Amino acid sequence: MLKDIEHPLQKYIRPGTNYTTCPGCGNGILAQSTLRAIKNLELDFDNIVFVSGIGCAGWIPSPSFNTDVLHVTHGRAIAYATGVKLTNPKLKVVVFSGDGDLSAIGGNHFIHAARRNIDLTVICVNNRIYGMTSGQAAPTTPKNSKTTTTPYGNMENTFDLSDLAKSAGATFVARWTTYHARQLTKSIAKAIDKKGFSFIEAISQCPVHYGKVIGMRNDAPSMMKEFKSKSIHINKIDSLSNESSDDKIIVGELVNENEKAELTDLMQSLRTEVGTDG
Amino acid sequence: MLKDIEHPLQKYIRPGTNYTTCPGCGNGILAQSTLRAIKNLELDFDNIVFVSGIGCAGWIPSPSFNTDVLHVTHGRAIAYATGVKLTNPKLKVVVFSGDGDLSAIGGNHFIHAARRNIDLTVICVNNRIYGMTSGQAAPTTPKNSKTTTTPYGNMENTFDLSDLAKSAGATFVARWTTYHARQLTKSIAKAIDKKGFSFIEAISQCPVHYGKVIGMRNDAPSMMKEFKSKSIHINKIDSLSNESSDDKIIVGELVNENEKAELTDLMQSLRTEVGTDG
Amino acid sequence: MIYIKKDMCKGCGLCIEFCPVNILKFSEDLNEKGVYPPEVTDINKCIECENCMIYCPDFAIFLEKGGVKNEK
Amino acid sequence: MIYIKKDMCKGCGLCIEFCPVNILKFSEDLNEKGVYPPEVTDINKCIECENCMIYCPDFAIFLEKGGVKNEK
Amino acid sequence: MKNNKTDFIQGNIACVEGAIVAGCKFFAGYPITPASEIAEHMSERMFQVNGTFIQTEDELSSIAAVVGSSWAGAKAMTATSGPGISLMQENIGLAIATETPLVIVDVQRGGPSTGSPSISLQGDTIQVKYGSQGEYQVISIAPSSPQEMFDYTIWAFNIAEKFRTPVFVMADVMVGHMREQVEYPEDYNELEIFDRKILDDPDSTEGRFLSTEVAPMPIFGNGFKANVTGSTHDEFGWRNVSDPKVMDNFIKKLTNKILNNKSEIIRTEKEYMEDAEVVLLSYGSVSRAALETVHTAREKEIKVGSYRLVTVWPFPEKEISKMSENVEKIIVLENNLGQIYPYVRSAVDGKAEVELLSPSVLGEFFEPNYILNKIKEAK
Amino acid sequence: MKNNKTDFIQGNIACVEGAIVAGCKFFAGYPITPASEIAEHMSERMFQVNGTFIQTEDELSSIAAVVGSSWAGAKAMTATSGPGISLMQENIGLAIATETPLVIVDVQRGGPSTGSPSISLQGDTIQVKYGSQGEYQVISIAPSSPQEMFDYTIWAFNIAEKFRTPVFVMADVMVGHMREQVEYPEDYNELEIFDRKILDDPDSTEGRFLSTEVAPMPIFGNGFKANVTGSTHDEFGWRNVSDPKVMDNFIKKLTNKILNNKSEIIRTEKEYMEDAEVVLLSYGSVSRAALETVHTAREKEIKVGSYRLVTVWPFPEKEISKMSENVEKIIVLENNLGQIYPYVRSAVDGKAEVELLSPSVLGEFFEPNYILNKIKEAK
Amino acid sequence: MANINIRIAGIGGQGVVLSGIILGRTASVYEGKNAVQTQSYGSSARGGDVCSEIIISNKKIIYPQVLKSDILIALSQKAVDKYRDQILEGGTLIVDKDLTKLEFETEKFKVYGESFNKTAIDEFNNKTVANMIMLGYLVKKTEIVDVELLKKSILESVPVETKEINIKALNKGMLLAQ
Amino acid sequence: MANINIRIAGIGGQGVVLSGIILGRTASVYEGKNAVQTQSYGSSARGGDVCSEIIISNKKIIYPQVLKSDILIALSQKAVDKYRDQILEGGTLIVDKDLTKLEFETEKFKVYGESFNKTAIDEFNNKTVANMIMLGYLVKKTEIVDVELLKKSILESVPVETKEINIKALNKGMLLAQ
Ligand SMILES: Cc1ncc(C[n+]2csc(CCOP(=O)(O)OP(=O)(O)O)c2C)c(N)n1
Ligand SMILES: Cc1ncc(C[n+]2csc(CCOP(=O)(O)OP(=O)(O)O)c2C)c(N)n1
Ligand code: SF4
Ligand code: SF4
Ligand code: SF4
Ligand code: SF4
Ligand code: SF4
Ligand code: SF4
Ligand SMILES: [Mg+2]
Ligand SMILES: [Mg+2]
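Here the protein sequences come in this chain order: A, B, C, D, E, F, G and H. Taking the numbering used here, the leading residue of the first sequence gets 13, the next gets one more, and so forth. Taking the numbering used here, the leading residue of the second sequence gets 13, the next gets one more, and so forth. Taking the numbering used here, the leading residue of the third sequence gets 976, the next gets one more, and so forth. Taking the numbering used here, the leading residue of the fourth sequence gets 976, the next gets one more, and so forth. Taking the numbering used here, the leading residue of the fifth sequence gets 3, the next gets one more, and so forth. Taking the numbering used here, the leading residue of the sixth sequence gets 3, the next gets one more, and so forth. Taking the numbering used here, the leading residue of the seventh sequence gets 541, the next gets one more, and so forth. Taking the numbering used here, the leading residue of the eighth sequence gets 541, the next gets one more, and so forth.
Pasting the structure below:
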C-alpha cells in the first residue's frame, strides 16, 4: 500500500482502525455518507463529538472516526449526548444508534430529546433487526418476520421511527436507505447544520441476520436492489398515512421546521439573564 | 354513620380505605368516574386488575379499589400490566398513571404497549405536574410555567400525550378533563370494553401544586371552571394540528380504530397452532 | 335525598361550585378534619342532577333520588 | 483512477453490482481475508460515477478522477 | 446409540428445558450476550407448552412483566447478563417486597460496564444480593455444567415458589455456552415440583404477606382482592410509609423468611473434606477447576478438600464457621477480585487462615497447576 | 446577630451550596423523596453560576447526562435516593469504566423497593459499592450534618476530580432533611479545590486511561480525539473484548487506581479511642448517636470509644485491623441489618469480638440508652 | 434553659415543619445559639402525620433528635396521644383545642389550648396561617425566642406576598396568649 | 485414547463453533462417550477470532477446558501462531493452507494443510461449507469419531435445505484426505 494514495476520507479515520463489520454491511456506507457530509460542510472534525450506544451501528463512529467519540451503554446514547451538548453547546453532537438501541431500550430518551428540541443530530441505522446480538426481532422488524426470537413470525407491530420523531417534536426528519447514499450525505449535512433536534432514519442492510430473515442471506447486493425498488419519494405520494406500510419505503425529508426555540439557546439566554457570579 | 346509607359506589371501595388526597384533588373525581364506568358495564369487579405506579395518581386504585391492585415502581405500571394481561388474557387490566409516571420515566413502556396493541386500558391523570413529590415540572407542564424545578419558567416543550399514543399505535384514544366526569365515564367504559390498547388522557387538577403554578393555589373550583372554559370538542375544530396549543384543551374521542389485531389474541392463536403438550 | 358524610369532607367547595341551583353552602361547624363541610339550604330546589356527587373527590356527598336528608 | 485495497475487501460484491458500466468483476486471487476482491476489466469505460466508492462498506475501493490504476 | 434421554446441549438451552420441566409458563426477556440463547429457545418453546414469550423493550420491562405474570398465577422467568441485572435492580426490589416467586438467570460476563461480553467473570456475585436499594435477602444458585443448568433451574423454581421470592441462577459465559451431555429425568412424575401455596378463601383472615412461614399468595383473578404494593406494608398489604415499626416488621419478616429457612435452602458440596488441611472454597464454574485440582493434589497425597457453595445466598455462614474449625487454611477461589472472600473470612472469624485466589488472568479459567502451586505455598 | 457566614439550612441545601463552591457547573436529576430539594435548589442556582440544570426524563438519563457533561469538561453531579441509584447502576458502571469524575448524592430512604420514602435507613451502603455488574471500586463518603453535607460535597468533588472516578455522598433522610447551622468558609480562596488533570497535548503519547497514577483526561472539543468506551479497553481507549489479558489489565488498573491510593482517600474519626475497651464503629447519621453515647458512657467511666468511618468505601480494612488489636470488642452500629458488619469482622479476623447492633426499630434513630445497655452487656 | 427540646406535631398542610424551621433559624442565625431541626412525616402534603422537632442549645448539639420534649405543640388528636407521654416534667403542652380532646388531667406539665386553625379560617380566611398564630401564641407563653428576631426570621422564610398576613397572624397568636 | 482434546480455531463466520458442537454431539449422544465443548470468541459474526474446544473422554470430564490439545485445526494465521505451542507431543495440526503460512518445521506433531475455504467457494460456491470439508478431512485423518455417526449428527444440526450440500462437502473433505 503506497502511503500517498489514500481513500479521500482517510483523514477522518482513526489510525489503527480495523473494520470488523460483516461483508456487505450497510454500516460502512453510512460511515462514508456521514464523513462526506462533514467534508462537504467543511467542519472542523475536532468540534464534532460522536456518541453511540451498543450495537453494530454504535461501531460506525467508534473507534473509527478520528475525533472525540463516546461509546456508551445500550440505548442511552442520546441521554449522554444531552449532557455533552448542554455543557458545551459549541460542539456539534452526533448520535449513531441502531434501531433497537434507539427505539427499543432507548425509546424514551429518543422522544424526550425530540420534545426538548435540543440541538442533536441522531442517525438511526434501521436494519430492522438486532444485528450485534445475532438476529433477534426489533421494534422495527416487519410483522410476521421469522427471527431468532420470533420463530413463528413476529406478532408485533412496527414502529415508524420517523413518524414517532415527528410526533415527539423533532424539527428535522429525513428517511433514506443505503441505496440513497448521496441523498443521505445531503440530509446528514443539513441535519448537522440545523439547530434543533434532527433525526435521520437510514434504512440499512444487515446481510448476515436480516438477510437471513428475508431469504437474502449474505447477499448485500440484492438487499440494496430491493431498497431501490421499494423506495418512493415523499413528494411522489399524496399523504403520509400509509407511510408504515411494509411494501414501500417512503424516503425524503419528512419534517423541516424552523419555528421552535432550541434548548441550549434558551439556557444561554437564561444564564445571561440571571447569572450572578458566572 | 348509618350502615344502610352508603355511597352508590361504596361496594367498590376496599373496607378500611382512608382517602389521603388533598382537598379538591381531581383524583377522587376520576376514581368515581372509573367506578361508575365499571358499574355501568356491569363487570365483575373481581375480573379487573388495576396496576399503578408511584405518584398521587397511583393511589386512585390502590389500595382503595376493592379488587386486585398491583402498585408498582415509578413509571413501570404498563410493563407490569403487560405481564398480567399476557398471562391471563381473560382479566381486564387497567393502568392508572400520573403524567410524570407515564410520560417521563415511563414513556418507553407507554409507546411500546401502544405499538404492540395489547389489550390494556391506560388512564393517565394529567395534572401537568409532579404532585406527589411536591410540584416539579413534568413533560406535560406548559412552557414558561414556574415550578419548583423551573424557577425561571419551563424551557421545555410539552408532550401531547394523546397524540403520542396515537402515533405509537393506540387503537382507542380519548381526552377529557375532570369537568367532563360524565364523558369520562363513557369513554372509560368504551376503553375497557374495547380489545386493544386504549388510552384515556384525563386532565385533572392538583390544586396544591399545579394550582400554585397558575395562581389558583388550593382552589379546585377555579381550576375546574378553567377546564370548562378552555375545552373544545374535537368535532368542533377543523384539524388536530393546533391540539397542543396551551390555550385550548381538545377533548373527545380522538382515535377509535378497529382493524388492528390484538396481541393476546395473536398469541392464543399461535398456542393453538403450535402447542404440543399444553 | 342528599347525603353528606361530614367527616369525610375536605372542604374543597366543588359541590357548592357546581350545584346548578346553588343550594349548597359551607356549614358552620368544623368537622374532624378541621374544615367546614357543605350543607343543603333548600332541598326542595334540588334537581337531582348528581353534580355534587360526581364532582366530590372524597365520596363525601351523594344522593338517592326522590327525597331529602342530611346525614353525618 | 480506481484504487482497490485488496486486503481490505470483504468480497461483498456491492461495487460490482452498482457499477453502471459493468467494468468490475471478482478477481481470481484470494486475499488475506480469504475472499476474491474485485478488479477492473476495462478502465476506459469508467465514467467516474463514484458508485463503487460510495457503496463500498469497507473503504476498499475508491477513485481519483482522471485515469486508471489497480493497487494492492 | 442415540438415547432420547440424553442430549448434547448448551447450558443456556438446558436451562430453558429445566424451566419447562419446572412448569415455567412465562418468559419475558431482552437479548444480551451471553444469555440470548435462553430467550431464543424460549421463544420457540413457550408457545408449544401453552405458555407465553415476550421480547420486551428493555430489561426493566422484562422483570416487570415477569412479576406481573407471577401475580397472574404463572411460574415466570427472565434471563439476562450483568448489564440487564443492573437495569432490573429497582424492579427486583419490588419483586422482593411483594414476595413474588420468579427466577432470574444471570449469565455473567466480564466487566464493569459493557466490558467483555464473551469472557467469564463471577462479577455479579454480590450485585444480585445487594444491587437494589434497602435491606433484603435473596437466594442464588451457582451451577457448573449444562446438567446443573437443567437440574438447578428446576430447583430454582421450586424454592422460588416455596419461599415466594426471586431466585437467581448464576451462570457465566463458561457454563452458559458450554455444551455437554444432559441426562433428562427417567420419569418426570417422580420429579419433585413445588407449586406456590395460594390463598384458598377470599374471606380468609390469614395474612397474605410477611410471614416467616411464607404467607399464601392471593394471585389475581380469584376474588382475593389482593392489595399488592412495593411500599412498606403490613400482613394484608396495607401500605404504611410513616411508621418505622411497620417498616421494621416489613424488612425483618422479608429477610427472616429466608434466614430462618437457611437450612432448607443452603446447599454445599464437599469432596475429600474429611481430613482436609487445606480447603478450596469455590462456587459456579470455578468449582470444576477446584475439583480437578483436588483430585490432582490427592494423587500427590496432599490433604486438600473441595468445599463448594452450590447456593451462594443466603450465605452459609454457620456451615463455613463450623468447617473452618477443622482445617488450617481456606483458599477462596473466585473469578473476580474477591467478592465472597470477606464473607468467608467474617464467618471464619480467625479460626483458620483464609486466603483469596483469583485467576492469574481474570476471566481465564483457573489452571489446576496454578492452584496447586498456591496450595504448595500454603503447606 | 445575622452573620452572613452562617445559615440555618437543610442538609440537602448545604449539599448544593457545597457543590457550587467546589465548582459544579452541571446538574441533571429527577425528583425523588428525600432528595428532591437538591434538584430544586440546583434548578435555581445553576444558571446563576453560569452552569446548567436539567430535569431529565428519568434517573438513567440523569447519570448519563452527568457523564456526558463531565466529558465535555464540567464538574457534574446528580442526586437521588435508593430507587434512583438502582436505575443508575448500569450507567454508573460506565462512569467507572470510562473513569469519569462526577458526584452522586444518595439521600437514603427506607426500603427495599418503594419502601418508606421518609424514613432513614442505611440500606444502600453496599448497593453503591456492588450494585453495577462486574468488578470495580468506588469511593463513598457518609456525612452526618448539614455542615458536613457542605464540606464533604466539596471534598467529594475534589477526590472525584483527583481520581477520575464517581464519588458517592451517602446521606439519608435524617441528614438530608435535618436543618442546622452551616458555617460557610471565611475565605473561599483558601479552600482547596482540585481540578482534574487534563491531557495537555493532542499528540501526547501518554496514556489516557488505566493508570494507577490517574491518567490525564482527554476532555471533548480539544482535539484530543478521545476514544472513550465502556467496553474493555486499553490505555488509549482501544476496545478489546476478546483477550482476557486486556480485561485483566482493565479491571485491575481501575480498581488499583482506588486501592493503591487508599491512604489518601480514607478518612476515619476517632474519639476516646486511646484507652477504649469497647468501640462503637459507625458511619453517617448514626455516628452522632454513637458519639453522644460515648460521651454519656465516659461520664459513667465506661471505657468506650467512637470509631467513625467518614469514608465507607474503599473499606479501611487495614485501619480497622490495626485498631482491633487494642480493643476487646467492636460494636458495629448500622441503621440496617448489618451491611458493613461482615467487612469489619473480616478485617478484624478474630482479633477482637465484633458484634452488630441495629436500632431496635429499623429506621428509628439509635437511642443512647439502648446502645449503652449493649455496651454494659458487653462488659 | 441550656437546652430546649420542642416538638410540633400535627398533620400535613398545617405548616408544622415551617414553624420548626423558623424557630430553629431564629435561635441559630439570629440569636447565635445552636439549633437543629428534624422532622418525620408520612406522605407530604397529603394529610398524613407530621412532626417537627427542634433543639435549641448553647452547646454544640451532638444528638440531633428530641427524645423527651420541654414543649409539645399538638395540632391533632393523634399528636396528643402519641407524644404527650414524652413531655418532660415541668414542660408545656399546647394544643389546638378544636382539633383535639384532652381526656386527661396532669400536674406534670402545663397545658394550654387555643383555636389556631379556626381562627385562621374565620379571621384570616386562610387555613395556612394557623401555624403563625400558633407561633405567636407559643413565644408569648414560653419566650423561647425573641419576638422581634422571630419576626425577622418569618419575613425571611415566607413568600413576599404573604409577609403581611403572616405577621398579622403572629400578632393575633400573641394576643390570644394574653 | 481415553481423552482427546481438540481445538478448532479461526475467525467468525468459518463455522468453527458448529464444527465443535457436531464433534461433541457425535461423541456423546451417538457414541455414548463423555464430551464437553467450550468456546471463546470476540464479537460474534464479525470476523473476530474464534476458538472451539472439545474434550472427548470415556471418563467423567471434570475440568472442561482444553489446556494442551491433541489436535489443532487452525483456520487463520493468528490461530496457528496462538495455539501451535499448545499441541501435545505426537499430536496433529491441520491448517487451511490458503489462509495460513507455516514458517516452521517440527517433528513434535504431524502437520496437514488443505484448501477448505477455497474449495468451498470454488466447488460449492458457498463459503459456509468450508467447515464441513474440514470435518471430513479431520475424521479421515484422525478417526476421532465414527464417520457414519458424524453424518447423522450433521444432519441433525443443520437446516433442512442445507443437508445435502453439507454432506457433499463432508465427503469432499474425506476425499481430500486420501
Ligand atoms: C443493557 C443491555 N441489554 C442488552 C444488550 C445486548 N445488546 C447489544 S446490541 C443489542 C441490539 C443491537 O441491535 P440494534 O440496536 O438494532 O443495533 P445493530 O446491531 O442492529 O446495529 C443488544 C440487545 C446490551 N449490550 N446491554
Ligand atoms: C425511580 C423513582 N424516581 C423517582 C421517584 C419519585 N416520584 C414519586 S412520584 C413522582 C412523580 C409524580 O408525578 P406524576 O407521575 O405526574 O403523578 P402525580 O403525583 O402528579 O399524580 C416521582 C418523581 C420514585 N418514586 N421512583
Ligand atoms: S451483524 Fe449485521 S449489522 Fe452487524 S456488522 Fe454484521 S451485517 Fe452489519
Ligand atoms: S399533591 Fe396534587 S395530585 Fe397529589 S393528592 Fe394533592 S392535589 Fe392531588
Ligand atoms: S344533585 Fe345537583 S341540584 Fe341537587 S344538590 Fe347536588 S348538585 Fe345541587
Ligand atoms: S365536594 Fe366533597 S369534599 Fe368538597 S366540599 Fe363538597 S362534600 Fe366536601
Ligand atoms: S466509478 Fe463508476 S463507472 Fe467507474 S468503476 Fe466505479 S462504479 Fe464503475
Ligand atoms: S464493495 Fe468493497 S468490499 Fe465489497 S467487493 Fe467491492 S471492494 Fe470489496
Ligand atoms: Mg439493528
Ligand atoms: Mg402529575
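Quick reminder that beta carbons are idealized off the backbone N, C-alpha and C, glycines included. Being a predicted model, the structure only gives us computed values, none of them experimental.
When DSSP reads this structure, C26 (chain E) sits in a beta bridge with E:K77.
Between N1006 (chain C) and D982 (chain C) the beta-carbon gap is near 5 Å, inside 8 Å, which marks them as a contact. Assigned with DSSP and collapsed to three states, R140 (chain A) falls in coil, not helix or strand. Going by DSSP, N1026 (chain D) is part of the alpha helix (DSSP H) stretching over 1026-1030. Counting other Cβ atoms within 10 Å of its Cβ, D351 (chain E) reaches 16 or more and is therefore classed as buried.
When only Cα atoms are considered, L359 (chain E) and L690 (chain H) end up about 41 Å apart.
Each of F:E294, F:Y345, F:T116 was checked against the Cα of P36 (chain F), and the nearest Cα belongs to F:T116.
When DSSP assignments are scanned along the region 19-68 of chain B, the uninterrupted stretches of alpha helix (DSSP H) that are 4 or more residues long and fall wholly within it turn out to be 38-53. For S580 (chain H), the secondary structure class from DSSP, reduced to helix, strand or coil, is strand. Under the three-state reduction of DSSP output, H221 (chain B) falls in the coil class, being neither helix nor strand. CA-CA distance, G53 (chain E) to A69 (chain B), rounds to 33 Å. Y132 (chain E) carries a helical assignment under DSSP once its states are collapsed to helix, strand and coil. For D126 (chain F), not one C-beta of chain B is nearer than 8 Å to its own C-beta. Cβ atoms of F368 (chain E) and A291 (chain E) come within 8 Å of each other, at about 4 Å. For K1000 (chain C), no Cβ of chain B is located within less than 8 Å of the residue's own Cβ. In terms of Cα proximity to F159 (chain E), the closest of E:S134, E:L193, E:T298, E:N242 is E:L193. Sorted by position in the chain, D:I977, D:C994, D:P995, D:V996, D:I998, D:L999, D:C1021, D:I1022, D:E1023, D:C1024, D:E1025, D:N1026, D:C1027, D:L1038 make up the residues whose C-beta lies under 6 Å from a heavy atom of ligand 7. Not one heavy atom of ligand 4 lies closer than 7 Å to the C-beta of N30 (chain B). A residue is called buried when at least 16 other Cβ atoms come within 10 angstroms of its Cβ; K27 (chain F) meets this threshold and is buried. Short note on K985 (chain C): C-beta closer than 7 Å to some heavy atom of ligand 6.
Of the other Cβ atoms in all chains shown, 16 or more fall within 10 Å of the Cβ of F62 (chain A); this residue is therefore buried. E19 (chain E) does not reach chain A, its nearest Cβ partner there being about 16 Å away, counting only Cβ pairs nearer than 8 Å. Annotation for M172 (chain E): the continuous beta strand (DSSP E) segment containing it runs 168-174. Going by DSSP, S109 (chain A) is part of the beta strand (DSSP E) stretching over 104-110. Neighbours of T54 (chain E) across chain B, judged by C-beta separation under 7 Å: L98, T99, M279. Classified as buried, G550 (chain H) has 16 or more neighbouring CB atoms from the shown chains inside 10 Å of its CB.
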